Amino acid sequence: GKGGHRHFMAKEIFEQPQVIGDTLNAMFNPTERTITLPPLPFDPAAVPRITMIACGTASLAGMVGKYWLEQHAGIPVDWDLASEFRYRAPVMTEGGLAVFISQSGETADTLAALRYCKQKGQHCLAIVNSPESTIAREAHAVLPTLAGPEIGVASTKAFTTQLVVLACLTIALARARGTMDRATEARLSGALTEVPSRAAEVLNHDERIREIAQETFTPARDVLYLGRGTSYPLALEGALKLKEISYIHAEGYAAGEMKHGPIALIDETVPVVVIAPSDELFEKTASNVQEVVARGGKAVVFSDAAGVERLKHLALEAIALPAVDPFVAPILYAIPVQQLAYHTAVDKGTDVDQPRNLAKAVTVE
Ligand code: F6R
Numbered sequence: 244g245k246g247g248h249r250h251f252m253a254k255e256i257f258e259q260p261q262v263i264g265d266t267l268n269a270m271f272n273p274t275e276r277t278i279t280l281p282p283l284p285f286d287p288a289a290v291p292r293i294t295m296i297a298c299g300t301a302s303l304a305g306m307v308g309k310y311w312l313e314q315h316a317g318i319p320v321d322w323d324l325a326s327e328f329r330y331r332a333p334v335m336t337e338g339g340l341a342v343f344i345s346q347s348g349e350t351a352d353t354l355a356a357l358r359y360c361k362q363k364g365q366h367c368l369a370i371v372n373s374p375e376s377t378i379a380r381e382a383h384a385v386l387p388t389l390a391g392p393e394i395g396v397a398s399t400k401a402f403t404t405q406l407v408v409l410a411c412l413t414i415a416l417a418r419a420r421g422t423m424d425r426a427t428e429a430r431l432s433g434a435l436t437e438v439p440s441r442a443a444e445v446l447n448h449d450e451r452i453r454e455i456a457q458e459t460f461t462p463a464r465d466v467l468y469l470g471r472g473t474s475y476p477l478a479l480e481g482a483l484k485l486k487e488i489s490y491i492h493a494e495g496y497a498a499g500e501m502k503h504g505p506i507a508l509i510d511e512t513v514p515v516v517v518i519a520p521s522d523e524l525f526e527k528t529a530s531n532v533q534e535v536v537a538r539g540g541k542a543v544v545f546s547d548a549a550g551v552e553r554l555k556h557l558a559l560e561a562i563a564l565p566a567v568d569p570f571v572a573p574i575l576y577a578i579p580v581q582q583l584a585y586h587t588a589v590d591k592g593t594d595v596d597q598p599r600n601l602a603k604a605v606t607v608e
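UniProt numbering puts the sequence shown at residues 244 to 608.
Take a look at the structure:
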């Protein structure tokens, strides 16, 4: 059942504190404050490079993973959409690690990319939610997301648990490669263990987000989402979520790309969602908000108390999420963008759990 919620999507959004914790606990050692991956048939820390491959929302988890692995583990990471990857002639470094991310484990393009990578001498690691799936079976190793069954077509808890697995992979590889000291590992894994309770706090903003959805998003024809760094994939994810369930045209953009074209779209009819946790890129994103507002744009800002203080005079709405270590911000900020899409769709009266033209698993291309 829907656990008292109107839709599976709402139930699955609200399950996130629990399933994020479950996924993390499978790899976190609380006494040592260390992350331990299950035994793998290859040494993931010894690989010359990593390739992240997936479709849709799973690919956006992979993009966050790329940013994390490059920054913390110093490993070169390529990122690709499975549907592009499989029809190019990608050049693979022998002995590389290919990571396939999939909720269903049955996505046709992701599976085809996995088979290609096996032929090209890659160690193939699957991050999947369905342990009995084809991708789980065919990969050399699996890191499971423990999200439980996801029924709503729009991916929610699968995405945040994919991020948890990628965060753990990042910490484990960084330690093994000597790019992260013990103190940093303890700090970042400590930040991860706080995500379930912080996520529960985010869910308390549900009513406020519902009001914003109704007032500002339901009437919109186009919506822009902006972010930098690991908030850029979150902007893409926010836009994807909104368009697939509310049928409102939405685009995610790297905030720094605004002046290279999309700023021409801005006027008072286009809400601009800004994902801006307080991190080392915050001031840059803040100046992009300034530019949007100067052109009449309506900025809806997701930040923490410090960021909201800084931007509230500019923004139409500014929502203060709990302050967290920037490392875990993408996991937390996924939640309000899901809630925003959900409430807009409910308000528009679309079929939230079963949006038109979409299937839960895309098993044919
Ligand atoms: C978006 C969504 C899709 C899936 C994509 C990949 O909300 O659900 O974009 O993320 O079809 O599916 P999996 O993860 O099953 O490979």
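We put the CB at the ideal spot given by N, CA and C, even for glycine.
Source: prediction; values computed, not measured.
The three-state reading of DSSP puts Val290 in coil, since its state is none of H, G, I, E or B. Here Glu258 carries a coil assignment [DSSP, helix/strand/coil]. Here Pro565 is near Arg441, since their CB atoms are less than 7 Å apart. For the options Pro520, Leu354, Val543 and Gly421, the alpha carbon positioned closest to that of Thr606 is the one of Leu354. In the same chain as Ser474, and ignoring 5 residues on each side of it, the C-beta atoms closer than 6 Å to its own belong to Ile518, in chain order.
Gly246 and Ser530 have their alpha carbons spaced roughly 43 Å apart.
Here DSSP, grouped into helix, strand and coil, assigns Asn372 to coil. Contact check for Pro476 against Leu303 passes: the beta carbons are separated by less than 7 Å. Judged by DSSP secondary structure, Phe525 falls outside any beta strand (DSSP E) and instead within the alpha helix (DSSP H) spanning Phe525 to Ala537. Only buried fits Asn372, as 16 or more other CB atoms lie within 10 angstroms of its CB.
By the criterion of a C-beta distance shorter than 8 Å, Pro282 is surrounded by no residue of its chain, once the five residues flanking it on both sides are discounted. Annotation note: the stretch 340-389 contains the following uninterrupted alpha helix (DSSP H) runs of length 4 or greater, listed N- to C-terminal: 351-362 and 377-381. Relative to the ligand F6R, the nearest heavy atom lies less than 6 Å away from the CB of Val605.
Contact between Ala604 and Glu349 holds, with the beta-carbon distance rounding to 5 Å and staying under 8 Å. Under the three-state reduction of DSSP output, Val580 falls in the helix class. The ligand F6R has a heavy atom closer than 6 Å to the beta-carbon of Ala397. If only uninterrupted alpha helix (DSSP H) runs of at least 4 residues are considered, those enclosed by the stretch 402-469 are 425-446 and 449-455. With fewer than 16 other Cβ atoms inside 10 Å of its own Cβ, Gln362 counts as exposed. The shortest CA-to-CA distance from Leu340 to any of Cys360, Thr512, Leu601 and Arg331 is the one to Cys360. By the Cβ rule, the stretch 294-309 does not count as touching the stretch 418-432, because fewer than three pairs are nearer than 8 Å. In this structure, the alpha-carbon of Pro284 lies about 24 Å from that of Ala301. Gln582 has its Cβ no nearer than 6 Å to any heavy atom of the ligand F6R. Beta-carbon to beta-carbon, Thr336 and Pro374 are separated by about 29 Å, too far to satisfy the 8 Å threshold. Taking Gly495 as the centre and dropping the five residues before and after it, the same chain places the C-beta of Tyr468, Ala478, Leu479 and Ala482 closer than 6 Å to its C-beta, in chain order. Ranked by Cα distance from Gly540, the options Val551, Val513 and Leu554 are led by Val513. Per the C-alpha coordinates, the member of Tyr310, Met295, Leu412 and Arg331 positioned closest to Pro573 is Tyr310.
About 6 Å separates the beta carbon of Ile293 from that of Leu312, a gap short enough to meet the 8 Å contact definition.
The C-alpha of Arg331 lies about 11 Å from the C-alpha of Asp323. Closest in alpha carbon position to Ile370, among Val535, Val385 and His586, is Val385. Remark: three or more beta-carbon pairs, one from each stretch, lie closer than 8 Å, so the stretch 586-603 and the stretch 451-469 are flagged as touching.
Checking the DSSP bridge columns, you'll see Gly495 partnered with Tyr468. Nearest in C-alpha terms to Ala558, of all of Ala602, Arg425, Ala577 and Gln533, is Gln533. 7 Å or more divides the Cβ of Thr422 from the Cβ of Gln405. An exposed status is given to Arg425, since fewer than 16 other beta-carbon atoms sit within 10 Å of its beta-carbon.
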